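Peer 1: Under UniProt numbering, the letters of the sequence shown match residues 1 to 204, in that order.
Don't be surprised by glycine CBs; every beta carbon is placed ideally from N, CA and C.
Computed from a predicted model, the values in this text were never measured in an experiment.
Handing you this structure, nothing more for now.
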Amino acid sequence: ENQFRNLVIWLEDQKIRHYKIEDRQPLRDIKSADWPKAFKRYRNDLACPVQVDKYKNQTSDRVKKIELNTPKVISANPLDNLDFDSADFKKGVNALAQLLNVTAHPDHLITLKAVSKVVQRRLSAEALENPDSVIVKGQPFPFQEADLGFDTGDYVLNQAAKILRLLYIHDLRDLQTKINECIVAVQSVTANPKTDTKLGKVGY
C-alpha cells in the first residue's frame with residue numbers, strides 16, 4: 001500500500017505536475033487516514049477514474065498472450081529500419097560529410113550530428129532564401145593567438161580550451177538572441193497602451 005502511495009506522489013512530482021507544490025501535501029502524507037480521500041480528489045481533478053472491473057482479471061500471463069496474438073505493425077518510417085552501425089551507413093555519413101566540408105570524426109554518429117547542424121543552419125528554407133543571414137563575413141578570429149588567461153602546460157590542451165571557450169560564447173550569444181526576441185514579443189503586447197478616455201474623471 002505504501003509503495004503504491006509513494007508511486008502516486010512520485011508521478012505527480014516528477015511527471016504529471018498537475019498540482020502546485022504546496023497543494024501536493026495531502027498526497028505526500030501517505031500515512032494519513034485521509035489519504036484515500038486526497039487520492040480520490042486527485043483522480044477526479046485529473047479526470048482519471050479507476051476502472052477496477054475492467055482490469056481486475058488482467059494478469060501478466062494474460063497480457064503476454066494478448067501481445068503474442070496481436071499482429072505486429074511494421075513501421076512505415078524507413079529510418080526505423082536502418083542499421084546505424086553498418087558499413088554502408090558509415091560510408092554514406094562520411095560521403096555526406098565530405099560533400100559538406102565537415103571534418104569526419106572517428107565516431108560516425110558524431111559526424112552525422114555535425115552534418116545535421118550544418119544542414120539545419122545553412123540549408124534550411126529560410127537560409128536558402130536569405131543566404132546572407134547565415135554566411136559569416138569578415139576576418140576569421142585568430143583564436144590561436146588569443147590569450148587563454150591560464151596555462152595548462154600543454155599546447156594542445158590550451159588550444160582545445162580556447163575552442164571550448166569560443167563555443168561557450170557562441171551558445172551565450174544564441175541565448176541572448178532568444179532573450180531579446182522574448183523581450184520584443186512582450187513589448188509588442190505591453191507597449192503603446194491606448195487610453196480609454198471614457199474612464200477619465202474630473203474632480204472628486
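Looking at Leu96: is its Cβ nearer than 7 Å to the Cβ of Val118?
Peer 2: no
Peer 1: Return the CA-CA distance between Val93 and Thr70, expressed in angstroms with no decimal places.
Peer 2: 37 Å
Peer 1: Which residues in the same chain as Gln159 place their Cβ atom closer than 7 Å to its Cβ, once the five residues preceding and following it in sequence are excluded?
Peer 2: Gln144
Peer 1: Which residues mark the beginning and the end of the alpha helix (DSSP H) in which Gln159 is found?
Peer 2: 155-190
Peer 1: Rounding to the nearest angstrom, what Cα-Cα distance links Val63 and Asn57 in this structure?
Peer 2: 10 Å
Peer 1: If we count the other Cβ atoms within 10 Å of its Cβ and call it buried at 16 or more, is Leu123 buried or exposed?
Peer 2: exposed
Peer 1: I think Ile30 touches Asn6, with their Cβ atoms under 8 Å apart; what is that distance to the nearest whole Å?
Peer 2: 6 Å
Peer 1: How about Lys90 and His105: are their beta carbons less than 7 Å apart?
Peer 2: no
Peer 1: Taking the C-alpha atoms as reference points, what is the distance between Gln14 and Tyr55?
Peer 2: 26 Å
Peer 1: Quick one: what does DSSP say Ala104 is sitting in, helix, strand or coil?
Peer 2: coil
Peer 1: Counting along the chain, where does the alpha helix (DSSP H) carrying Tyr19 start and finish?
Peer 2: Note, Tyr19: premise wrong, no alpha helix (DSSP H); not H, not E.
Peer 1: Can you tell me whether DSSP reads Lys31 as helix, strand or coil?
Peer 2: Lys31: coil per DSSP, three-state reduction.
Peer 1: Apart from the five residues on each side of it in sequence, which residues of its chain come closer than 8 Å, Cβ to Cβ, to Asp83?
Peer 2: Phe89
Peer 1: By alpha-carbon positions, which one of Arg17, Phe4, Val115, Asp23 ends up nearest to Tyr36?
Peer 2: Contrary to the premise, residue 36 reads as Pro rather than Tyr in this sequence. The option with the nearest alpha carbon to Pro36 is Phe4.
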